[in-house]
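Heads up: the structure comes next, in structure tokens.
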Amino acid sequence: MKKKAVVSAVVPAYNEEQRIGSTLKALRRIREVDEIIVVDDGSKDTTAQQARRYADCVVSLPRNVGKGEAINQGVNYATGTVFLFIDADLKEHARLCGALLEPVLKGESDMTIARFPASQKKGGFGLVKGLARSGVRCLTGYHLEAVLSGQRAVTRELMTHIGRAFPGFGVEVGMTVRALKNGYSVKEIPLPMNHRETGRDLKGFLHRGKQFVSILKTLIHLWRQPA
1 MKKKAVVSAV
11 VPAYNEEQRI
21 GSTLKALRRI
31 REVDEIIVVD
41 DGSKDTTAQQ
51 ARRYADCVVS
61 LPRNVGKGEA
71 INQGVNYATG
81 TVFLFIDADL
91 KEHARLCGAL
101 LEPVLKGESD
111 MTIARFPASQ
121 KKGGFGLVKG
131 LARSGVRCLT
141 GYHLEAVLSG
151 QRAVTRELMT
161 HIGRAFPGFG
171 VEVGMTVRAL
181 KNGYSVKEIP
191 LPMNHRETGR
201 DLKGFLHRGK
211 QFVSILKTLI
221 HLWRQPA
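Its first residue numbered 1, the sequence shown is counted upward by one per residue in UniProt numbering.
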């Protein structure tokens with residue numbers, strides 16, 4: 001009889017005290033999730049304290065190291081054979097991410113990615129998403145819409161094979177490219193969900209500027225050193 005897969009939800013979080021509780025409560029409603037690992041990435045608020053109310057394990061990093069390294073730390077602590085990566089700001093929408101698990105648990109896909117509906121809010125001008133999509137297509141030959149989505153279900157075998165996640169905002173692009181170039185199957189799952197987005201103010205443009213640079217560096221690295 002095939003051994004039941006163990007699912008570890010890994011949630012990197014930075015200054016999310018207002019949202020982390022609702023997100024973790026929603027995760028608890030996904031019956032396939034066996035454990036929840038929260039990585040508090042050097043938060044300056046009460047994120048860690050809020051997370052301890054619902055998570056099985058809270059890893060508190062002494063300083064902010066970025067999403068990629070936070071995911072690496074979470075994977076180190078997780079015991080599962082399947083990982084469910086979730087952003088900390090999803091709130092009640094996190095429960096919808098259970099749909100990402102079915103294809104992976106059934107062996108139909110090695111990685112699933114949540115594809116959100118088109119945003120109704122004016123954010124940036126699509127430069128970051130355009131760079132990410134074009135880069136993935138150029139390096140792998142595959143066209144994916146949601147290459148920047150942080151909501152993913154992934155087998156441990158895949159994560160072990162492709163190695164540590166890229167630092168900063170390049171984590172999702174790096175994970176996607178390495179998976180595809182190593183012959184793993186990747187499937188996008190449309191989900192009726194949304195989460196916080198940056199606007200067209202100075203803070204928003206600075207954030208997207210950092211994203212753009214980080215993703216560009218990741219793509220250059222992947223081009224120079226194929227997976």
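Just so it is clear, CB atoms sit at the ideal spot from N, CA and C, and this is done for glycine as well.
Excluding its 5 nearest sequence neighbours in each direction, L158 has C-beta neighbours in its own chain below 7 Å: D110, M111, A179, Y184, listed in chain order.
In the DSSP assignment, C57 is bridged to I37. Within 10 angstroms of the beta-carbon of R63 lie fewer than 16 other beta-carbons, which makes it exposed. DSSP places V11 in the strand class (E or B) of the three-state scheme. Burial check for E92: the Cβ neighbour count within 10 Å stays below 16, so the residue is exposed. Residue environment for K210: exposed (fewer than 16 other C-beta atoms within 10 angstroms of its C-beta). When only Cα atoms are considered, L100 and I189 end up about 7 Å apart. For L27, the enclosing alpha helix (DSSP H) has its first and last residue at 20-28. The continuous stretches of beta strand (DSSP E) do not include A94, and DSSP gives it neither H nor E. Counting along the chain, P103 sits inside the alpha helix (DSSP H) bounded by residues 101-105. The beta strand (DSSP E) runs of length 3 or more contained entirely in the segment 136-208 are, from start to end of the chain, 152-155, 186-190.
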